[in-house]
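Everything below concerns the one structure shown next.
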Amino acid sequence: MSGASETEKWVPFWRSLQSRFILSFGALIAALLLFLNIYPIVTSEDLVFQSKQDALWRQADIITSTLAGGEGLTAEGVEANLTKLGVTSLDRVLVTDPSGKVLYDTSEVDNARDRYALLWEVVSALKGNDVFRSEYRDGAFRSRAAAPILYRGMTQGAVYLYEYDRQQAEMLRDLQSNLRNISIVVCVAALAFSVLISKAVTRRIAVLLRGIRSVREGEYSHRVTMAGGDELALLAGEFNELTDRLQTTEEVRRRFVSDASHELKTPLASIRLLTDSILQNGDMDPDTAREFVSDIGDEAERLTRITEKLLTLTRMDTAPPRNVAPVDVARVIRKVEHMLAPLAAAVDVTVELELGTDCVVRSTEDDLYQIAFNLMENAVKYDLPGGRVRVELSTEGDQVVLRVEDTGVGIPEEDLPKIFDRFYRVDKARSREAGGTGLGLSIVRDAVCQNGGTVEARRREPEGTCFEVRFPRCGKEETP
Ligand code: ADP
């Protein structure tokens with residue numbers, strides 16, 4: 016029996032199925048949401064950058080082609096042309112001559128007119144490159160483009176455009192915050208869902224666990240009820256079947272113990288009674304005293320027989336694998352017949368043997384002796400004076416068949432299914448009188464089963480009983 020501390024075994028939360036389920040489910044959802052939050056934003060940013068580049072370059076193209084000309088660039092010329100062109104959507108338009116000196120600048124805050132532009136975009140454009148750079152910072156897109164003003168292969172100057180866009184950035188921010196809010200809601204819902212699911216699963220496991228503990232504590236009638244058709248319901252079904260078997264085994268064990276003690280108590284009580292009588296009757300005549308002592312001897316013998324048979328049965332239940340070998344059954348039967356000859360002669364019963372050849376089975380001589388002895392002894396014991404016992408041994412296909420028939424009292428049809436049960440006797444008085452223990456046929460059944468055979472009893476017409484045992488026959492090459 017286990018102690019209370021064992022009964023209260025529990026799994027810490029961090030090692031529980033529930034926490035593992037929640038963690039793995041949570042990690043999966045978090046990874047998915049992270050991806051869903053990052054990917055659309057990055058893609059949208061790229062799309063905005065691309066569209067800005069296209070737009071700025073298009074405008075730079077228009078400006079450079081308007082300004083390029085044979086006369087070269089002058090501050091007035093540039094201003095006149097650009098005013099005519101009307102580029103108002105941009106936050107800054109800056110035009111320099113080939114040396115980088117600013118001829119035109121729309122910036123009001125930091126106007127660089129007549130100074131040299133130190134912007135790297137301008138420097139790169141003066142070297143003949145088209146430049147674009149955009150960044151998303153502080154809730155706005157800041158985009159810059161620069162292009163050289165070329166005329167017949169000559170760099171006449173550079174155009175620098177700058178755009179500061181809050182509108183698209185706000186749209187992106189809205190998208191970002193919407194995605195974040197949705198993610199939080201999904202996360203909370205997923206977490207709640209995983210807690211609910213894992214709780215439902217662990218609750219059902221706890222039901223099973225409680226069932227197992229109850230059975231372990233000896234409550235064999237405990238059954239687990241679990242709805243559904245999933246693996247846990249299947250497990251509960253298997254558990255209930257196992258408990259059914261345990262309960263049956265336990266009942267058989269209890270019945271056996273109580274039957275055995277009852278069987279042992281009877282001869283012990285007789286012995287006690289007989290000894291008391293002898294002791295209390297001081298003037299008992301010697302013949303009666305001898306008779307009483309002889310009765311005590313009989314009861315002691317009965318006790319010996321019962322304990323011997325009980326030991327045989329227990330050995331069969333717990334014995335390690337036996338050394339089986341091919342055994343000639345006919346030889347064993349002759350031995351048994353020899354042993355039973357005095358008993359048969361005493362009750363005036365004739366034993367006839369009809370033993371075929373090649374009746375070899377894989378077994379132990381001990382098992383076969385137990386089977387043949389119990390069946391033949393019963394046939395003699397329960398036969399009537401002048402009766403006959405016929406023992407027939409033959410082969411039928413791949414089986415060896417042993418039939419033991421008698422012409423005795425017979426067994427009523429309704430008792431036939433029970434006679435192999437331990438301590439079952441049809442006629443208790445007769446069995447007792449014949450020195451029976453009610454264990455012989457149990458030993459036969461167990462031994463036959465252990466050797467892969469079958470045994471059955473039937474009524475023999477017109478009178479008596481027939482026991483038939485079938486064993487798997489041993490192959491010719493194995494014959495001793
Ligand atoms: P027992 O030691 O009482 O003979 P068994 O287990 O060998 O116990 O047999 C169980 C009961 O079956 C017997 O008590 C007897 O009533 C019945 N029985 C067994 N063999 C025969 C038989 N050949 N003829 C009639 N009754 C039998």
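Quick note, our numbering runs 15 ahead of the 1-based positions in the sequence shown.
Each residue gets a CB set at the ideal place from its N, CA and C atoms; glycine is no exception.
- As a beta-bridge residue in DSSP terms, Asp180 pairs with Phe156.
- When secondary structure is reduced to three states using DSSP, Lys116 falls in the strand class.
- Per DSSP, the unbroken beta strand (DSSP E) holding Arg418 starts and ends at 414-421.
- In this chain, the alpha helix (DSSP H) harbouring Leu51 covers 32-82.
- Sixteen is the threshold: since fewer than 16 other Cβ atoms of the shown chains lie within 10 Å of the Cβ of Tyr131, the residue is exposed.
- Going by beta carbons, Ala160 and Trp72 fall inside the 8 Å limit.
- Taking 8 Å as the cut-off, the beta carbon of Leu261 is found no closer than this to the beta carbon of Val222.
- For the segment 373-408, the full-length beta strand (DSSP E) segments reaching 3 residues or more read 375-378 along the chain.
- Each residue's CA atom was taken as its position, placing Val93 and Leu82 some 7 Å apart.
- Below 8 Å, enough C-beta pairs join the segment 327-343 and the segment 444-462 to call them touching: three or more.
- In this structure the segment 55-64 does not lie against the segment 35-46, because fewer than three pairs of beta carbons, one per stretch, are closer than 8 Å.
- If you check the CB distance, Val404 and Val362 do not come in under 8 Å.
- Under the Cβ criterion (8 Å, minimum of three pairs), the segment 274-289 counts as touching the segment 312-321.
- Taking 7 Å as the cut-off, one finds at least one heavy atom of the ligand ADP near enough to the beta carbon of Arg440.
- Judged by DSSP secondary structure, Asp343 falls within the beta strand (DSSP E) whose first and last residues are 340-343.
- Around the beta carbon of Met391, 16 or more other beta carbons lie within 10 angstroms, which makes this residue buried.
- In the three-state DSSP reduction, Glu369 falls in the strand class (E or B).
- Phe307 places its beta carbon less than 8 Å from that of Leu289.
- It is roughly 20 Å from the alpha-carbon of Gly490 to the alpha-carbon of Cys464.
- Spanning the alpha carbons of Cys481 and Val441 requires a straight line of approximately 16 Å.
- By the 16-neighbour rule on beta-carbons within 10 angstroms, Asp413 is exposed.
- In the three-state reduction of the DSSP assignment, Gly172 falls in the strand class.
- According to the DSSP assignment, Leu109 belongs to the beta strand (DSSP E) that extends over 107-111.
- In this structure, the straight-line span from the alpha carbon of Pro400 to that of Pro357 is close to 14 Å.
- Bridge pairing for Glu471: Glu483 [DSSP].
- Relative to the non-hydrogen atoms of the ligand ADP, the Cβ of Ile434 comes within a distance shorter than 7 Å of at least one.
- Beta bridge pairing from DSSP links Tyr151 with Phe156.
- Not one heavy atom of the ligand ADP is found less than 7 Å from the C-beta of Thr258.
- Closer than 7 Å to some heavy atom of the ligand ADP: that describes the Cβ of Asn393.
- The alpha carbon of Gly423 has as its nearest neighbour, out of Val415, Asp332, Glu478, Phe271, the alpha carbon of Glu478.
- Within the same chain, and ignoring the five residues on either side of His237 in sequence, the residues whose Cβ sits closer than 8 Å to its Cβ are Gly226, Ser229, Val230, Thr258.
- At a threshold of 7 Å, Thr452 counts as near the ligand ADP, since its beta carbon sits closer than that to one of the ligand's heavy atoms.
- Here the segment 343-354 does not lie against the segment 296-310, with fewer than 3 beta-carbon pairs under 8 Å apart.
- Within the same chain, Cβ atoms closer than 6 Å to the Cβ of Val416 are found at Ser409, Arg485, the five residues on either side in sequence being excluded.
- As the crow flies, the alpha-carbon of Gly168 is around 51 Å from that of Leu49.
- Exclusion of Thr319 from the 7 Å shell around the ligand ADP follows from its C-beta lying no nearer than that to any non-hydrogen atom of the ligand.
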